[in-house]
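Notes follow the structure.
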Amino acid sequence: MINESVFENFPQLESERLIFREIKVSDAADIQFIRSNDQVMSYMERPKHLSKNDSEIFILKKKEAYRNKKGIYWAIIEKSTEEFIGDFAFGNIIKENARAEIGYTLKPQFWGKGYMKETMVSLINFGFNDLKLHSFEADVNPENENSKKALIKMGFKKEAYFRENLFFNGEFFDSEVYSLLERDFIYHKKSTNKL
Ligand SMILES: CC(C)(COP(=O)(O)OP(=O)(O)OC[C@H]1O[C@@H](n2cnc3c(N)ncnc32)[C@H](O)[C@@H]1OP(=O)(O)O)[C@@H](O)C(=O)NCCC(=O)NCCS
Numbered sequence: 587m588i589n590e591s592v593f594e595n596f597p598q599l600e601s602e603r604l605i606f607r608e609i610k611v612s613d614a615a616d617i618q619f620i621r622s623n624d625q626v627m628s629y630m631e632r633p634k635h636l637s638k639n640d641s642e643i644f645i646l647k648k649k650e651a652y653r654n655k656k657g658i659y660w661a662i663i664e665k666s667t668e669e670f671i672g673d674f675a676f677g678n679i680i681k682e683n684a685r686a687e688i689g690y691t692l693k694p695q696f697w698g699k700g701y702m703k704e705t706m707v708s709l710i711n712f713g714f715n716d717l718k719l720h721s722f723e724a725d726v727n728p729e730n731e732n733s734k735k736a737l738i739k740m741g742f743k744k745e746a747y748f749r750e751n752l753f754f755n756g757e758f759f760d761s762e763v764y765s766l767l768e769r770d771f772i773y774h775k776k777s778t779n780k781l
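587 is the number of the first residue of the sequence shown in the numbering used here; add one for each residue after it.
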């Protein structure tokens with residue numbers, strides 16, 4: 587149902603200010619910076635990366651998911667500085683349902699510039715136009731206002747509120763599920779920019 591040819595050559599893409607390229611093991615220091623940063627991790631309910639090795643293992647798992655056609659994990663690069671500024675993932679791709687879950691981060695110094703909006707517009711268009719997905723899902727901590735704003739801007743709709751369904755670090759957390767059908771997508775374009 588989905589277009590599996592996307593898994594033959596990694597889909598490197600670009601937008602006006604950004605490049606979306608395949609993650610590499612040599613990106614481990616940037617991934618560790620992001621995934622050990624208090625501001626980034628405050629609503630993530632994921633273990634912090636305590637060493638570069640944690641990040642290398644994380645990256646290898648993302649590459650394996652791509653080989654298994656279960657995920658696509660992009661590094662986000664700022665064109666003007668060539669800096670690694672964040673990441674964006676299609677995870678848990680279920681081909682029978684033509685559905686993927688998204689996850690994303692930006693280094694805090696790159697918040698408030700519209701970079702996640704630009705990323706979402708490009709990569710969600712790729713998801714619908716090229717990978718031929720039918721819908722996306724995002725699971726969010728209800729207190730993560732920046733993330734919810736980014737999703738709502740795209741047309742994502744809140745579908746569920748789960749009370750204390752997530753146990754992390756000795757605490758139960760609430761979570762919200764947002765989803766986007768192709769026909770909801772506000773920034774739908776006919777084609778995706780490829781490098
Ligand atoms: C979620 C996250 C990626 C959102 O980043 P962000 O920078 O707030 O999102 P955007 O790129 O959409 O930028 C939006 C802001 O940039 C501003 N902006 C500045 N220049 C802009 C431009 N050229 N175009 C669009 N927006 C622009 C917008 O006005 C908006 O600010 P506002 O929210 O005060 O109105 C970021 O907060 C993050 O990394 N959080 C930690 C990780 C995380 O929680 N991930 C999600 C887990 S579910």
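We put the beta carbon where it would ideally sit given N, CA and C, even for glycine.
Whole-angstrom distance between residue j and residue i, CA atom to CA atom
i	j	result
Ala675	Glu731	20 Å
Glu600	Phe606	6 Å
Glu590	Lys655	8 Å
Arg653	Ile679	12 Å
Pro728	Phe753	15 Å
Gly672	Leu766	22 Å
Glu669	Gly756	36 Å
Leu717	Glu631	29 Å
Trp697	Glu594	33 Å
Gly689	Ala724	7 Å
Thr667	Arg603	10 Å
Leu636	Leu646	16 Å
Neighbour-count burial assignment, residue i, 16 or more Cβ in a 10 Å radius
i	result
Ala614	buried
Pro597	buried
Lys743	exposed
Ser612	exposed
Gly657	buried
Ile738	exposed
Gln695	exposed
Contact with chain C by residue i, beta-carbon distance below 8 Å
i	result
Ala746	Absent from the structure is chain C; it holds one protein chain and no more.
Cβ-heavy atom distance, residue i to ligand 1, below 7 Å
i	result
Thr691	yes
Tyr629	yes
Asn639	no
Ser733	yes
Val763	no
Trp660	no
Tyr747	no
Lys610	no
Tyr773	no
Ile626	For the record, residue 626 in the displayed sequence is Val; it is not Ile. Yes, Cβ of Val626 sits closer than 7 Å to a heavy atom of ligand 1.
Asn730	yes
Ala686	no
Endpoints, beta strand (DSSP E) assigned at residue i
i	result
Ala651	Note, Ala651: premise wrong, no beta strand (DSSP E); alpha helix (DSSP H) at 638 to 653.
Asn711	Element bounds for Asn711: not the beta strand (DSSP E) but the alpha helix (DSSP H), 701 to 715.
Ala736	Segment 731 to 740 is the alpha helix (DSSP H) holding Ala736; no beta strand (DSSP E) there.
Ala684	Ala684 -> no beta strand (DSSP E), and no H or E assigned at all.
Ile662	658 to 664
Asp725	721 to 726
Asn751	743 to 754
Asp760	757 to 767
Residue interval of the alpha helix (DSSP H) (run including residue i)
i	result
Val626	624 to 627
Ile588	Run containing Ile588: none; DSSP gives neither H nor E here.
Ile617	614 to 621
Ligand 2 heavy atom lying under 7 Å from the CB of residue i
i	result
Ala736	Ligand 2 is absent from the structure shown, which contains only ligand 1.
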